[in-house]
Amino acid sequence: GESVGLHLPTLSVQEGDNSIINCAYSNSASDYFIWYKQESGKGPQFIIDIRSNMDKRQGQRVTVLLNKTVKHLSLQIAATQPGDSAVYFCAENPPSYNTDKLIFGTGTRLQVFP
Amino acid sequence: ETGVTQTPRHLVMGMTNKKSLKCEQHLGHNAMYWYKQSAKKPLELMFVYSLEERVENNSVPSRFSPECPNSSHLFLHLHTLQPEDSALYLCASSQSRDGELFFGEGSRLTVL
Chain V
1 GESVGLHLPT
11 LSVQEGDNSI
21 INCAYSNSAS
31 DYFIWYKQES
41 GKGPQFIIDI
51 RSNMDKRQGQ
61 RVTVLLNKTV
71 KHLSLQIAAT
81 QPGDSAVYFC
91 AENPPSYNTD
101 KLIFGTGTRL
111 QVFP
Chain Z
1001 ETGVTQTPRH
1011 LVMGMTNKKS
1021 LKCEQHLGHN
1031 AMYWYKQSAK
1041 KPLELMFVYS
1051 LEERVENNSV
1061 PSRFSPECPN
1071 SSHLFLHLHT
1081 LQPEDSALYL
1091 CASSQSRDGE
1101 LFFGEGSRLT
1111 VL
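This is the structure:
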């Protein structure tokens, strides 16, 4: 079946460093991708999204890169802060345009040390 | 402050109990969702309601019974659950079925 996976289950970084979280997706027809952040005891929160007609999108301290050739998605967090500690997971949307068709990854835990 | 509120935040129940999870959204959205989040597993969609009509039921066992009395409220009725049903149950809403999801903080369910 289709799946969305992650290269690393846990990522530890020092405060102030940049973080890179990776995600592999399997459906080459997926045309919309989202990154979510889930803090401990909270629900997932939308961070940034990207459509397949783009290969890069920037937000505030975050950048998402999309490489359709190898079906790879990454989230870059600049100057990582303690408040960035959370589980991050990606989601892909096959070309049905319904949110309920989102396929979620399992998540990477980001730990930020002082 | 989240626009999607879930209660209770924590629930412990025996396999013979009947309980309900409640979700309320204050965002004026038309679609509401139940997801199951188990440890080390991706989010699993359980049910989707659009304009108070159930439009998706992902082969969820009948011991889970959703109810959507109006566009702001969503319930998940639980009956004779199994220990493997222990998980975080997340409610979400979106403006429409292709809109951005807004999640609640979840109800942590433990079945003994």
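Protein chains in written order, with this note's numbering: chain V, 1 to 114; chain Z, 1001 to 1112. Where is the CB? At the ideal position from N, CA and C, for every residue including glycine.
Any C-beta of chain V sitting closer than 7 Å to the C-beta of Gly-1003(Z)?
To locate residue 1003(Z), count along the second sequence from 1; it is residue 3. With 7 Å as the cut-off, Gly-1003(Z) does not count as an interface residue toward chain V.
Flag this pair as yes or no: are the beta carbons of Gly-83(V) and Pro-1042(Z) separated by less than 7 Å?
Here residue 83(V) is taken as the residue at index 83 of the first sequence, counted from 1. Here residue 1042(Z) is taken as the residue at index 42 of the second sequence, counted from 1. No, they are not a contact pair.
Compare the beta carbon distance of Asn-1058(Z) and Leu-1076(Z) with 7 Å and say whether it is the shorter of the two.
Here residue 1058(Z) refers to the residue found at position 58 when the second sequence is read from its first residue. Here residue 1076(Z) refers to the residue found at position 76 when the second sequence is read from its first residue. Result no, Cβ atoms of Asn-1058(Z) and Leu-1076(Z) do not sit closer than 7 Å.
Given that Pro-44(V) touches chain Z, what residues does it touch there, using C-beta distances under 7 Å?
What you label residue 44(V) is simply residue 44 of the first sequence in a count that begins at 1. In chain order: Phe-1103.
Could you name the residues that DSSP lists as bridge partners for Thr-99(V)?
Taking the first sequence and counting its residues from 1, the one referred to as residue 99(V) is at position 99. Answer by DSSP bridge pairing: none, since Thr-99(V) is not bridged.
Given that Phe-104(V) touches chain Z, what residues does it touch there, using C-beta distances under 7 Å?
In the first sequence, residue 104(V) corresponds to position 104, counting from 1. When 7 Å is used as the limit between beta carbons, Phe-104(V) is near these residues of chain Z: Pro-1042, Leu-1043, in chain order.
With 7 Å set as the bound, which would you pick, yes or no: does the beta-carbon of Asn-22(V) sit closer than that to a beta-carbon of chain C?
You won't find chain C in this structure, because its protein chains are V and Z.
Since Glu-15(V) and Thr-80(V) are thought to touch, with beta carbons under 8 Å apart, how far apart are those beta carbons, to the nearest angstrom?
The count along the first sequence starts at 1 and reaches residue 15(V) at position 15. The count along the first sequence starts at 1 and reaches residue 80(V) at position 80. Indeed, because the Cβ distance is near 6 Å, the residues count as touching under 8 Å.
CB contact check: Asn-67(V) to chain Z, cutoff 7 Å:
Position 67 of the first sequence, counting from 1, holds the residue named residue 67(V). Between Asn-67(V) and chain Z, the shortest Cβ-Cβ separation is not below 7 Å.
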